[in-house]
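Right, one structure below, let's go through it.
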Amino acid sequence: MTTLVLADHDGTSLSDQTAKVVAAVAKIGFDVHVLVAGSHVGAIASQAAELSGVSKVLVADTPALENNLAEPLTALIVSLRDDYKTFAAAATSVGKSVMPRVAALMDASQISEIIDVVSADTFKRPIYAGNAIQTVQSTDAKIVITVRTASFSPASLGATAAVEDVSTAGLSSDLSTFISDAISENERPELTSAKIIVSGGRGLGSAEKFREVILPVADKLAAAVGASRAAVDSGYAPNDWQVGQTGKVVAPDLYIACGISGAIQHLAGMKDSKIIVAINNDEEAPIFQIADYGLVSDLFVALPELEKEL
Amino acid sequence: MKILVTVKRVIDFNVKVRVAADGSGIDLSNVKMSMNPFDEISIEEALRLKEAGTATEVVVVSVGPAKAEETLRTALAMGADRAILVETDDVVEPLAVAKIVKGVVEQEGPQLIIVGKQAIDDDCNQTGQMLSALLGWSQGTFASKVEIDSERATVTREVDGGLQTIALKLPAVITTDLRLNEPRYASLPNIMKAKKKPLERKSPADFDVDTKARIKVLNTEEPEGRKSGVKVASVAELVEKLKNEAGVL
Ligand SMILES: Cc1cc2nc3c(=O)[nH]c(=O)nc-3n(C[C@H](O)[C@H](O)[C@H](O)COP(=O)(O)OP(=O)(O)OC[C@H]3O[C@@H](n4cnc5c(N)ncnc54)[C@H](O)[C@@H]3O)c2cc1C
Ligand SMILES: Nc1ncnc2c1ncn2[C@@H]1O[C@H](COP(=O)(O)O)[C@@H](O)[C@H]1O
Chain A
1217 MTTLVLADHD GTSLSDQTAK VVAAVAKIGF DVHVLVAGSH VGAIASQAAE
1267 LSGVSKVLVA DTPALENNLA EPLTALIVSL RDDYKTFAAA ATSVGKSVMP
1317 RVAALMDASQ ISEIIDVVSA DTFKRPIYAG NAIQTVQSTD AKIVITVRTA
1367 SFSPASLGAT AAVEDVSTAG LSSDLSTFIS DAISENERPE LTSAKIIVSG
1417 GRGLGSAEKF REVILPVADK LAAAVGASRA AVDSGYAPND WQVGQTGKVV
1467 APDLYIACGI SGAIQHLAGM KDSKIIVAIN NDEEAPIFQI ADYGLVSDLF
1517 VALPELEKEL
Chain B
4 MKILVTVKRV IDFNVKVRVA ADGSGIDLSN VKMSMNPFDE ISIEEALRLK
54 EAGTATEVVV VSVGPAKAEE TLRTALAMGA DRAILVETDD VVEPLAVAKI
104 VKGVVEQEGP QLIIVGKQAI DDDCNQTGQM LSALLGWSQG TFASKVEIDS
154 ERATVTREVD GGLQTIALKL PAVITTDLRL NEPRYASLPN IMKAKKKPLE
204 RKSPADFDVD TKARIKVLNT EEPEGRKSGV KVASVAELVE KLKNEAGVL
């Protein structure tokens, strides 16, 4: 039997989330094929073919698949249904938009955001903002999963899988059309793959202060920058920096939470980080309960000092 | 244009969740239940479209136990016109919810369905997408801005890299993200009035939907806790510990 992995990419390069999904589904024990869908995606397909454990890369190259629109992408995956038992994607904004559609059209219940593979049909996944972990078994003919990539290490490189074109006949995108992207210009590492994250909350007080005190520390550490929902809602940071139950889930080696109280919805997105540092002027802040190192201090004093010490 | 909004009764987002000792699930006895926060955002958006003259009627639907009537009454108190309760005591998976709501759509004929992006209990993030696929409609997930004209909805979406704007052919399914709006509170007079607004009761069988679980829950457990850490007295001590004890710098 075979698993089909939907590759995650931005139209230019393969996201390293795909390597993590490949590593996750390798534990199922089936052959692994990767589907690269988009327009002019030959180079991305070559990157996918290098992932260890991948035996074949399918390429669907057509303008209708540009911009990762959910409807044509779903139709493409469903057209391949007979060849596969299991369908997997990273729980990214694309994976979350497409895979439930795929599942519904195959009359399967999707298993979202798996954090472990127990067997070919049994997985572990968090519920209630990570306050409980369920072990669940699919009873459906087709199994559709999304993978929480923070829980898996990426597959290594070194393979040379066959690359094959698949038919894109009849795929159209007349239901929804792309208008524009406002993708943040970001020189920093991706939140979901960064080794170090410096994260700011409502305690920062303004967008200017956020930039003034968080970014220099992040620069020194070559870190990604995260934010709480309160910081994003208040306009201190862009939406794609939100970490948490309904934002991004991260597990870096070091997470530095500054002016963040530690609501369960925030913890849901970062409590699997290896080392957590909390800087907060309220010694009762719940974030200290999960921090390896807590510093009770005004962040406007502590962060500039930290930048100098590094 | 008629708008259908889905609402789910879930544990209140402020409640500390307890895992049942026997591994069977979450202990929900005597805990505060509320409307899923994303569904409040959905209702708010529908009401604003009605206030702007774009929508004519806002119908809310919930699949759940008899007590979900409370949640629907909250929606009516916010300003929705009518409610439909599809009553069942089963834990209904998103696929079955989508099938039931599809049945409601066939009866009601809305042009727009607004669904929360994610229920904060199961954290599935599936129902809206499944409903859209089963209906063969267009889909705009994770909306932070919605504009409607006669033929299409323009939706700005919160995606991993920032924002994406797409146009959806109507009818469409939209799922709501946190930044779409700030939901209103129901006023006391409106809470009173909501008691008299129409609420229709149905069952999954009325829509020929089998709610039997497709996913077997084998076990529910607490996540591994973190061992408690230490307080450091200064930035210098912090840096020293990160370098020499934790080895992350
Ligand atoms: C449906 C739903 C989904 C949600 N999803 C998410 C999510 O994905 N991610 C998320 O983060 N939240 C999420 N939330 C929100 C969450 O419940 C909290 O409201 C939010 O995390 C609080 O952000 P905060 O810690 O920055 O702000 P606050 O709770 O206001 O905390 C600010 C902290 O800063 C400290 N502080 C203030 N000034 C200083 C100073 N000068 N120096 C040092 N410390 C200072 C204060 O002591 C306080 O602890 C969600 C909520 C809901 C209802
Ligand atoms: N039982 C239900 N009744 C009504 N709406 C629901 C139900 N379950 C899920 N939904 C809707 O689907 C959204 C996403 O839920 P989920 O796919 O479970 O994360 C919720 O915000 C609700 O709007």
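Those protein sequences? They're chains A and B, same order as listed.
Counting from 1217, one number per residue, gives the positions in the first sequence under our numbering.
Counting from 4, one number per residue, gives the positions in the second sequence under our numbering.
Each residue gets a CB set at the ideal place from its N, CA and C atoms; glycine is no exception.
May I have a chain-ordered list of the beta strand (DSSP E) segments no shorter than 3 residues that lie completely inside the region 159-222 of chain B?
165-172, 175-179 and 202-205
| message | Please identify the residue among A:1486, A:1431 and A:1473 whose C-alpha is closest to the C-alpha of residue 1512 of chain A. | response | A:1473
Quiz item: Beta-carbon separation of residue 121 of chain B and residue 1316 of chain A under 8 angstroms?
Solution: no
Return the chain-ordered list of same chain residues with a C-beta closer than 7 angstroms to the C-beta of residue 216 of chain B, the five sequence neighbours on each side being excluded. 94 and 96
Quick check for students: name the residue ranges of the alpha helix (DSSP H) that lie wholly in the region 1281-1325 of chain A, counting only runs of 4 or more. Along the region 1281-1325 of chain A, the alpha helix (DSSP H) occurs as fully enclosed runs of 4 or more residues at 1286-1295 and 1309-1321, listed in sequence order.
Relative to chain B, which residues along the region 1342-1357 of chain A have a C-beta separation below 8 angstroms, given in chain order? 1342, 1343, 1344, 1345, 1346, 1347, 1348, 1349, 1350, 1351, 1352, 1353, 1354, 1355 and 1356
Q. Mind checking if residue 1398 of chain A is an interface residue toward chain E, Cβ cutoff 8 angstroms exclusive?
A. Given the protein chain composition of this structure (A and B), no chain E is represented.
Run the proximity test for residue 1520 of chain A: is its beta-carbon closer than 7 angstroms to any non-hydrogen atom belonging to ligand 2? no
Original post:
So is residue 10 of chain B in contact with chain A if we call contact Cβ pairs under 8 angstroms?
Top reply: no
Quick check on residue 1394 of chain A: does DSSP put it in helix, strand or coil? strand
* **chain B within 8 angstroms of residue 1432 of chain A, Cβ atoms only** => no
*Would you list the one or two residues that DSSP bridges to residue 256 of chain B?*
Because chain B is modelled from 4 through 252, residue 256 of chain B falls outside the range shown and cannot be assessed.
Since residue 1433 of chain A sits in a beta bridge, which residues does DSSP pair it with? Paired residues: none, contrary to the question.
- Where do the ends of the beta strand (DSSP E) carrying residue 38 of chain B lie? 36-38
| Do residue 1482 of chain A and ligand 1 come close, with the Cβ less than 7 angstroms from some heavy atom? | yes
Do residue 1288 of chain A and residue 1255 of chain A have their beta-carbon atoms positioned less than 8 angstroms apart in this structure? no
Q.
Short of 8 angstroms Cβ to Cβ, which residues in the region 1505-1518 of chain A face chain B?
A. 1505, 1506, 1507, 1508, 1509, 1510, 1511, 1512, 1513 and 1518
query = Within the 8 angstroms Cβ cut-off, does residue 1418 of chain A reach chain B?
reply = Chain B contact via Cβ: absent.
Considering only C-alpha positions, which residue in the set A:1284, A:1281 and A:1261 is nearest to residue 1273 of chain A? A:1261
Problem set entry | Alpha-carbon spacing of residue 1428 of chain A relative to residue 1503 of chain A, whole angstroms | Straight-line Cα distance between these residues: approximately 23 angstroms.
First through last residue of the beta strand (DSSP E) which encompasses residue 267 of chain B
As shown, chain B starts at 4 and ends at 252. That puts residue 267 of chain B outside it, with no answer to give.
Apart from the five residues on each side of it in sequence, which residues of its chain come closer than 6 angstroms, Cβ to Cβ, to residue 1494 of chain A? 1473, 1503, 1504, 1507 and 1510.
Checklist entry - Are the C-beta atoms of residue 197 of chain B and some chain A residue less than 8 angstroms apart? => result no
Chain-ordered neighbours of residue 1454 of chain A on chain B, where CB pairs are closer than 7 angstroms
Taking a Cβ-Cβ cut-off of 7 angstroms, the neighbours of residue 1454 of chain A in chain B comprise 165, given in sequence order.
query = So does residue 37 of chain B have its beta carbon nearer than 7 angstroms to some heavy atom of ligand 2?
reply = Checking the Cβ of residue 37 of chain B against ligand 2 gives no.
#### Entry: Close beta carbons around residue 75 of chain B, own chain, < 7 angstroms, minus the five adjacent residues each side
10, 63, 65, 86, 88 and 202
- Over the uninterrupted alpha helix (DSSP H) stretch that includes residue 1368 of chain A, give me the two end residues. Element bounds for residue 1368 of chain A: n/a, residue is neither H nor E.
By Cβ distance below 6 angstroms, which residues in the same chain neighbour residue 1305 of chain A in space, the five residues on each side in sequence not counted?
For residue 1305 of chain A, same chain residues with a beta-carbon under 6 angstroms away, outside a window of 5 residues either side, are 1222, 1311, 1315 and 1362 in chain order.
Just to confirm, does residue 95 of chain B get its C-beta within under 7 angstroms of one of the non-hydrogen atoms of ligand 2? Relative to the non-hydrogen atoms of ligand 2, the Cβ of residue 95 of chain B comes within a distance shorter than 7 angstroms of at least one.
So with CB distances below 8 angstroms, who are the chain B contacts of residue 1219 of chain A? Neighbours of residue 1219 of chain A on chain B: none; closest Cβ ~18 angstroms, over 8 angstroms.
Is it buried or exposed for residue 182 of chain B, if we count other Cβ within 10 angstroms and need 16 for buried? buried
Discussion item. Between residue 1391 of chain A and residue 141 of chain B, how many whole angstroms is the CB-CB distance? I'm expecting something under 8 angstroms.
Written reply: At roughly 4 angstroms, the Cβ-Cβ gap stays under 8 angstroms, so residue 1391 of chain A and residue 141 of chain B are in contact.
Could you name the residues of chain A that residue 136 of chain B contacts, counting a contact when the two beta carbons are closer than 7 angstroms? 1290, 1317, 1320 and 1321
Would residue 1287 of chain A count as contacting chain B if we go by Cβ distances under 8 angstroms?
Cβ-Cβ to chain B under 8 angstroms: yes for residue 1287 of chain A.
- Please look up how many angstroms separate the CB atoms of residue 20 of chain B and residue 14 of chain B, rounded, as I've assumed it's under 8 angstroms. 7 angstroms
field: Chain-ordered residues, beta carbon under 5 angstroms from a heavy atom of ligand 1
entry: A:1417, A:1418, A:1419, A:1444, A:1445, A:1446, A:1460, A:1461, A:1462, A:1463, A:1475, A:1476, A:1477, A:1479, A:1481, A:1482, A:1496, A:1497, A:1498, A:1501, A:1514, A:1515, B:16 and B:40
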